[in-house]
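Following: one structure in structure tokens, then a few remarks.
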Amino acid sequence: MTSHPTKLRTELEEAKRHLREVIETVKAEPTSEGMTEATDDQRPARSKLNTLLGTTTVPQRPLGLVQRVGVPQRPTYDLIADRVLGPNVGQPSSFLDIEHNYASHVAHRLTELRQRLEAKAVAEPVPSENRVRWR
Numbered sequence: 200m201t202s203h204p205t206k207l208r209t210e211l212e213e214a215k216r217h218l219r220e221v222i223e224t225v226k227a228e229p230t231s232e233g234m235t236e237a238t239d240d241q242r243p244a245r246s247k248l249n250t251l252l253g254t255t256t257v258p259q260r261p262l263g264l265v266q267r268v269g270v271p272q273r274p275t276y277d278l279i280a281d282r283v284l285g286p287n288v289g290q291p292s293s294f295l296d297i298e299h300n301y302a303s304h305v306a307h308r309l310t311e312l313r314q315r316l317e318a319k320a321v322a323e324p325v326p327s328e329n330r331v332r333w334r
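Numbering-wise (the working numbering), the sequence shown opens with residue 200 and increments by one.
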């Protein structure tokens, strides 16, 4: 019984040998143009394996369901959005208008935060011993 590293090495050597044979047979076959243009059912091969195998075109993959069907034909998203957001959703709004800039918005929000924190400040004075009292 052979060990796992030995099995792996032998399989890799077998794969390399097979690739060399395939490449030699492809090189031995005469090609009319070398790189043929892809048709509607074919697309150019871009992977390293296809390059090593000498494949110039591969079959076109079919598009997925979401890519084939347009957004208006997918009512599921609208149903979920209506259930989560409600049917009457207004236009999206930005916190920045054309006449305002980002810095003024941040300054305004910081001022509001400071005012809220001051309003929540504890009116109780700190004990003179500078110890925290636990309630």
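Cβ atoms here follow ideal geometry from the backbone N, Cα and C, with glycine treated the same way.
Just so it is clear, the structure is predicted and the values come from calculations on it, not from any experiment.
Are L252 and V221 closer than 8 Å when you measure CB to CB? Cβ distance < 8 Å, so L252 and V221 count as in contact.
So the candidates are R208, T254, K215; which of them puts its Cα closest to the Cα of V225? It is T254 whose Cα lies nearest to the Cα of V225.
What residues are listed by DSSP as bridge partners for T256? Among the bridge pairs identified by DSSP, T256 is matched with P243.
Just verifying my parser: in three-state terms, what is the DSSP assignment at N249? It is helical.
Helix, strand or coil: how does DSSP classify L312 here? L312: helix per DSSP, three-state reduction.
Are the C-beta of N300 and some C-beta of chain B separated by less than 8 Å? The displayed structure is made up of one protein chain only, and chain B is not part of it.
Look at the alpha carbon of G263 and the alpha carbon of L312, and state the distance between them as a whole number of angstroms. L312 has its alpha-carbon roughly 48 Å from the corresponding atom of G263.
How big is the Cα-Cα spacing for V257 and E212? If I take the Cα positions, the gap works out to 26 Å.
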